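Residues in the first sequence are numbered consecutively from 11, following our numbering. Using N, Cα and C, we set each Cβ at its ideal position, and we do this for glycine too. The structure displayed is predicted, hence computed values, not measured ones.
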Amino acid sequence: MDEHPTRPEYREIIARLRATYGDLQWWPAQTRFEVMVGAVLTQNTSWSNVERAIANLRAADALTPDRMAALPPAELAERIRPSGYFNVKADRLRHLLAFLERSGGVDALDTLETDALRAALLGVKGIGPETADDIVLYAFDRPVFVVDAYTRRLFERLGLPHARAPYDTLRRSVERAVGPDVPALNDFHALIVEHGKQRCRPRPRCEGCPLADPCRFADPGAA
DNA sequence: ACCCAGGGTCATA
DNA sequence: TATGACCATGGG
11 MDEHPTRPEY REIIARLRAT YGDLQWWPAQ TRFEVMVGAV LTQNTSWSNV
61 ERAIANLRAA DALTPDRMAA LPPAELAERI RPSGYFNVKA DRLRHLLAFL
111 ERSGGVDALD TLETDALRAA LLGVKGIGPE TADDIVLYAF DRPVFVVDAY
161 TRRLFERLGL PHARAPYDTL RRSVERAVGP DVPALNDFHA LIVEHGKQRC
211 RPRPRCEGCP LADPCRFADP GAA
């Protein structure tokens, strides 16, 4: 009941994951705008598919706000087709472009406080909590923790509290315990995703888990 | 022929 | 607050 993990507990998880997967320091992108685009495109979609879409955009020289805004909507959708939900995501990218336009661009957003930046992003149609935090952390280097499906699955299996709590409850719990440590928060989410892709999958059960070997934790719902 | 993937919106109860 | 339908491609 209201039991929060201690700082060492999360630090220990980070340390063990780092020992296995390395010091990742994430987001595979060349610019902050590219981070934002990738964050939208990877919604419920594997990164390999996003890479094709990004490559198509790069081939069209459309990886800047101005150049992307110049694309006809139908062509934008066609370019990002490999990332799935391409009609929905094309609209979301255009909402993002309109937001950047009326905000004065990426550099202007960087002058906002973290909470204000987060709130502004959440006001964009198509940008929910996880996408907003991807952008806040990986494009603007602000100290937020990103919660995703991998995070909930791992925390559930480790028996950590708030695994199924509302998004902000889980996010704040980790932020409070870890502190405003951008490199640690950057790595933590990246490591959870990497661990999720390599081992901590719905099935088969995590094999050779660096956090608990053998992984003895049940799937969500089975506990 | 399945299940899964670095979610979000909208309608409904 | 909490489900469920919907969006769609590509890999295992």
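C-alpha distance - residue i paired with residue j, whole-angstrom precision
i, j, result
"Leu180", "Cys225", "22 Å"
"Leu164", "Phe109", "34 Å"
"Arg102", "Val50", "7 Å"
"Glu19", "Pro38", "28 Å"
6 Å Cβ shell around residue i - same chain, five flanking residues per side excluded
i, result
"Phe155", "Arg181, Val184, Glu185, Leu195"
"His105", "Val134, Lys135, Gly136"
Residues of its chain near residue i, where Cβ-Cβ distance is below 8 Å and the 5 sequence neighbours each way are ignored
i, result
"Leu107", "Pro75, Met78, Ala79"
8 Å Cβ cutoff met for residue i and residue j
i, j, result
"Ala200", "Trp36", "yes"
"Ile24", "Asp197", "yes"
"Ala149", "Val45", "yes"
"Leu34", "Glu204", "yes"
"Val98", "Asp151", "no"
"Leu27", "Pro212", "no"
Burial state of residue i, where buried means 16 or more other Cβ atoms lie within 10 Å
i, result
"Thr161", "buried"
"Ser93", "buried"
"Lys207", "exposed"
"Arg167", "buried"
"Arg128", "buried"
"Arg89", "buried"
"Arg209", "buried"
Whole-angstrom C-beta distance between residue j and residue i, which should lie under 8 Å
i, j, result
"Val146", "Thr121", "Contact doesn't hold; Cβ gap of about 14 Å is too wide."
"Pro15", "Leu119", "32 Å between Cβ atoms; not a contact."
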